[in-house]
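Colleague: First, the structure itself, so that you have it in front of you.
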Amino acid sequence: MAKLSSEQFEAMLIERHGLSAHNKLKSATIGIGGLGGLGSNVAISLARIGIGKLVIADFDIVEPSNLNRQQYFIEQLGQNKVNALTENLTKINPYIKIEGYQVKLKPDNIPEIFTGCCIIAECFDKPDQKQMLVETVLNSMKNVKIVAVSGIGGFGRSNEIKTRKISDRLTLIGDDKSGIESGFSLMAPRVAIAAGHQANVIVEMILEK
Amino acid sequence: MAILKINGENKIFEKVPSTMKALLEFLNVDDATVVAEVNGQIIPRGSFHNTILQDGHNVELIRFVGGG
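Residue numbers (this note's numbering), protein chains in the order written: chain A, 1 to 209; chain B, 1 to 68.
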């Protein structure tokens, strides 16, 4: 198997991104709540560009119904998502630090789990869970930004998915309406577009700080 | 008559819904899916019922739909 030493890997990133951008990305710690279609895609983008550390959390296991959009493999069915994603991220970037939590996120464990994160990506599926994570971060984690998603179901309408800065600490991505409760199904392309918006605005926040 | 600014738009009410919970009921929105701010202050969901709304308040409602 081909190998890249950490020095070679870092030299590749510096050549691509420039030293100053690389150092900022490398010193960032980003939290990801929920490791489904959004979270697995956000994590892979951030690992590829050399984010220093990810804190990832999900209570669930990989199921067949996940495979139409989530970054897991058939051989990982039944494995918990934290371990499966850690394995996949490490194949992409062996030098990223990953702190994984196989737990259900709740208001009383979120601040502790995501301690040290400058930005958290809200990547849940259910609307009340999205509400809970965003409210908890805005309410209890004073200097932390959150990038949340609402409205990513269906296909087409790529340009209806927007990134909107709601306040200094809250950025919202999606079309605001295409929810699964309205009969939309989730498909890899449109979910990945939203995850791309999430990862992209996170990079912007890190590099323009 | 009274005005609430909701998500940047002025909405005119005969009578402003008395609380955040009443406003969400008026708008027919499930409060379990909403993050709310009044005048830039986040309002925890558990306080929607006793958050008093008045003429001129600036309300931001972020509503979540499912999918991830």
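Even for Gly, the Cβ is constructed at its ideal location relative to N, Cα and C.
What does the alpha-carbon distance come out to for the pair E10 (chain A) and H22 (chain A)?
Modeller: Translated into positions along the first sequence, residue 10 (chain A) becomes position 10. Translated into positions along the first sequence, residue 22 (chain A) becomes position 22. One C-alpha to the other measures close to 9 angstroms.
Colleague: Residues of chain B with a CB under 7 angstroms from the CB of N23 (chain A): which are they?
Modeller: Position 23 of the first sequence holds residue 23 (chain A). In chain order: nothing, as chain B lies at least about 31 angstroms away.
Colleague: Take the Cβ of Q76 (chain A) as the centre, count every other Cβ of all protein chains shown within 10 Å, and call the residue buried at 16 or more, exposed below.
Modeller: Sequence index remark: in the first sequence, residue 76 (chain A) carries index 76 (1-based). The residue in question, Q76 (chain A), is buried, as its Cβ has 16 or more Cβ neighbours within 10 Å.
Colleague: Taking the beta carbon of L172 (chain A) as the centre, do at least 16 other beta carbons fall within 10 Å, making it buried, or is it exposed?
Modeller: Within the first sequence, residue 172 (chain A) is the residue found at index 172, counting from 1. L172 (chain A) is buried by the Cβ-count criterion.
Colleague: Going along the chain, which residues of the segment 32 to 59 of chain B sit with their C-beta nearer than 7 angstroms to a C-beta in chain A?
Modeller: A32, T33, V34, V35, I42, P44, R45
Colleague: Quick one: which chain A residues come within Cβ less than 8 angstroms of I62 (chain B)?
Modeller: Looking up residue 62 (chain B) in the second sequence gives position 62. Neighbours of I62 (chain B) on chain A, chain order: V134, A148, S150, I166, L170, L172.
Colleague: Could you pull out every residue in the same chain whose Cβ sits closer than 6 angstroms to the Cβ of V59 (chain B), ignoring the five residues on either side in sequence?
Modeller: Position 59 of the second sequence, counting from 1, holds the residue named residue 59 (chain B). Within the same chain, V59 (chain B) has close Cβ partners L4, I6, V38.
Colleague: Excluding the 5 residues preceding and the 5 following I218 (chain A) in the sequence, name in chain order all residues of the same chain whose CB lies nearer than 8 angstroms to its CB.
Modeller: Because chain A here runs from 1 to 209, residue 218 (chain A) falls outside it and cannot be looked at.
Colleague: If you drop the 5 nearest sequence neighbours on each side, which residues of the same chain put their C-beta closer than 8 angstroms to that of I92 (chain A)?
Modeller: Your numbering for residue 92 (chain A) matches position 92 in the first sequence. Only I44, A47, R48 meet the Cβ criterion.
Colleague: With a CB to CB cut of under 7 angstroms and the five nearest residues on each side skipped, what residues in its chain are close to I180 (chain A)?
Modeller: For the purposes of this step, residue 180 (chain A) is identified with residue 180 of the first sequence, where counting begins at 1. The residues are G153, L186.
Colleague: Report the residue ranges of all beta strand (DSSP E) runs contained in full by the segment 86 to 170 of chain A; include only those spanning at least 3 residues, in chain order.
Modeller: Runs of the beta strand (DSSP E) lying entirely within the segment 86 to 170 of chain A, each at least 3 residues long, are 97 to 101, 119 to 122, 145 to 149, 162 to 165 in chain order.
Colleague: If we call anything under 9 angstroms between Cβ atoms a contact, is D125 (chain A) one with G67 (chain B)?
Modeller: In the first sequence, residue 125 (chain A) corresponds to position 125, counting from 1. In the second sequence, residue 67 (chain B) corresponds to position 67, counting from 1. Closer than 9 angstroms, so yes.
Colleague: Around the Cβ of M12 (chain A), are there at least 16 other Cβ atoms within 10 angstroms (buried) or fewer (exposed)?
Modeller: For the purposes of this step, residue 12 (chain A) is taken as residue 12 along the first sequence, with counting starting at 1. Counting Cβ neighbours within 10 Å, M12 (chain A) comes out exposed, since fewer than 16 surround it.
Colleague: Reducing DSSP to helix, strand and coil, say where E60 (chain B) ends up.
Modeller: Against the second sequence, residue 60 (chain B) aligns to sequence position 60. Three-state DSSP puts E60 (chain B) in a strand.
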